[in-house]
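Each residue of the sequence shown is one higher than the one before, counting from 459 in my numbering. Using N, Cα and C, we set each Cβ at its ideal position, and we do this for glycine too. Please read all numbers here as calculations on a predicted model, not as lab measurements.
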Amino acid sequence: MPVRPRILYVSDLAYQARGRRYCDEDIFLSSRLRTHFDTALCHPLDAAALMDGFDAVVVRNSGPVLHYQKEYDDFRGQAAARGTRVYNPQTGRADMAGKQYLLELSAAGYPVIPTVDRRQDLEQLPVSDQYVVKPKAGADSIGLDFVSRERLDGLAFGDILVQPRIDFRYEVSFYYVDAAVQYALHSPDPDRRWVLEPYRPTEDDLAFARRFIDWNTLDHGIQRVDACRTQDGDLLLVELEDLNPYLSLDRVTASTRDAFVTAMSASLHRFLETAPVPETAKPRSPER
C-alpha cells in the first residue's frame, strides 16, 4: 500500500473562545482529514517537540499566540531552521506577522478602516466620537479599548494602533482556501459578532475580498477576510486572518462543509507536492 502523508494537526481544544467552540470544529475537521492523511492532534506547546515525525504541521485553532509568545517564536524558528512544512506557510503578511499590515494597507489606499500608530498622524483619521485602540500584537479582541477624542492625547503610542470607531450595518467574512473563496458569512447584529448567518456575496464583494488575498501572496493555506459594511454601503477591511482563522463550519450547510474539506485536502496535497522536503524527514518503507 502507498504511504500516506502524516499530518500534525495543532489545536488548543480547551481554549475558551467567546462565542465559538474550537474543539468541535477541530474534532470535525481533523476527523475528515483522516480520509486523506494519517493525522495526529497536539497542543501548540507540543508542536516543536513532535513535528519532526510528520510530513507537515497544520496550525488550526491554536488560540492567540500572545498567550505563549516565546514558545510560538521558538516553534517558528525551529520550523524554519529544519525546513519543516507548516500550513499555513509562515510567509503570511497579515495577522500572522501582527497588525502592522493595517497601517501598510491604509497608507497604500486599500479599502481598510483608516489606521495610524503615531500621535502626529492622528489628524489623518476621520473625526469620530470614539476611537478604537488595539495592540499591534493583539488577537481575539484582547487589549481592545474604545476611547473618546479627548483621551487620544493621553495614549502611550508605540505598540498600539488607533482607528475611528465605524458605525457599520454588519460584519461579513469571506473564507478562502488558497485563492478560491469557499463561502461567506455575516453577523446581522453588530453587537453579536459570532452569531453568523450565510451570506451571498456579490461580484463587487468578491472583488473586494480578492484584493487582500492577492496582496498577501500566500500560495497555499486558509485565510479569512473580515470586513464591515458602512452606512454608506461600502466594505472596509477589519482584519485579514492568515494564521489560525476560525472557520465557523457549524454555521454552514453540510454540503458547504464537505466542499471545504475537499478543498482543504486538495490544497494540502498540493502543498506537500510543491514544498521542499524537510531535512529532518525520514524515509519510510511502504506498508506490506
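Check whether residue i and residue j have beta carbons under 8 Å apart
i: Leu-404; j: Phe-512; result: The question about residue 404 has no answer, for the chain in this structure spans 459 to 746.
i: Gln-588; j: Ser-606; result: yes
i: Arg-518; j: Leu-487; result: yes
i: Leu-643; j: Tyr-657; result: yes
i: Arg-464; j: Asp-496; result: yes
i: Arg-543; j: Leu-730; result: yes
i: Ser-631; j: Arg-669; result: no
i: Leu-664; j: Val-639; result: yes
i: Phe-615; j: Arg-576; result: yes
i: Lys-592; j: Leu-580; result: no
i: Met-509; j: Val-515; result: yes
i: Pro-646; j: Phe-626; result: no
i: Leu-619; j: Lys-557; result: yes
i: Ala-475; j: Leu-524; result: no
i: Asp-700; j: Gly-550; result: yes
Bridge partners - residue i, DSSP secondary structure assignment
i: Leu-695; result: Val-570, Ala-685
i: Ser-631; result: Leu-643, Asp-684
i: Ala-638; result: Val-635
i: Pro-656; result: Leu-643
i: Gln-588; result: Ser-606
i: Phe-615; result: Paired residues: none, contrary to the question.
i: Phe-486; result: Looking at the DSSP assignment, Phe-486 forms no beta bridge with any residue, so it has no partner.
i: Val-620; result: Val-574, Val-591
i: Ile-465; result: Thr-497, Ala-514
i: Phe-626; result: Thr-688
Distance between beta carbons of residue j and residue i, contact taken as under 8 Å
i: Ala-505; j: Val-468; result: 5 Å
i: Gln-420; j: Ala-537; result: Within the shown structure, residues of the chain are numbered from 459 to 746, placing residue 420 beyond reach of any answer.
i: Asp-687; j: Tyr-628; result: In the sequence as displayed, the identity of residue 687 is Arg instead of Asp. Yes, they are in contact, since the Cβ atoms of Arg-687 and Tyr-628 sit about 5 Å apart, within 8 Å.
i: Leu-698; j: Ala-566; result: Their Cβ separation, rounded to whole angstroms, is 13 Å, which puts Leu-698 and Ala-566 out of contact at 8 Å.
i: Tyr-545; j: His-678; result: 6 Å
i: Val-590; j: Arg-623; result: 5 Å
i: Ser-723; j: His-494; result: 5 Å
i: Val-719; j: Tyr-641; result: Not quite, the Cβ-Cβ distance comes to about 12 Å (not below 8 Å), so this is no contact.
i: Ala-685; j: Val-696; result: 6 Å
i: Glu-529; j: Leu-499; result: Going by Cβ atoms, the distance from Glu-529 to Leu-499 rounds to 17 Å, so no, they are not a contact pair.
i: Trp-652; j: Gly-477; result: 3 Å
i: Ile-671; j: Ala-721; result: That pair is no contact at about 14 Å.
is_contact[residue i, chain B] using C-beta, thresh 8 Å
i: Tyr-704; result: Among the protein chains of the structure shown there is no chain B, as only one such chain exists.
**Prompt:** Can you give, in chain order, each stretch of the alpha helix (DSSP H) that sits fully within the region 494-581 and has at least 4 residues?
**Reply:** Correct list: 505-508, 527-540, 558-565.
**Message:** Report the start-end ranges of each alpha helix (DSSP H) in the region 700-732 that is 4 residues or longer and not cut off at the edges.
**Reply:** For the region 700-732, whole alpha helix (DSSP H) runs of length 4 or above, ordered along the chain, are 712-732.
**Asked** Is the number of C-beta pairs between the region 705-712 and the region 556-571 that are closer than 8 Å three or more?
**Response** Flag = no, the region 705-712 and the region 556-571 do not touch.
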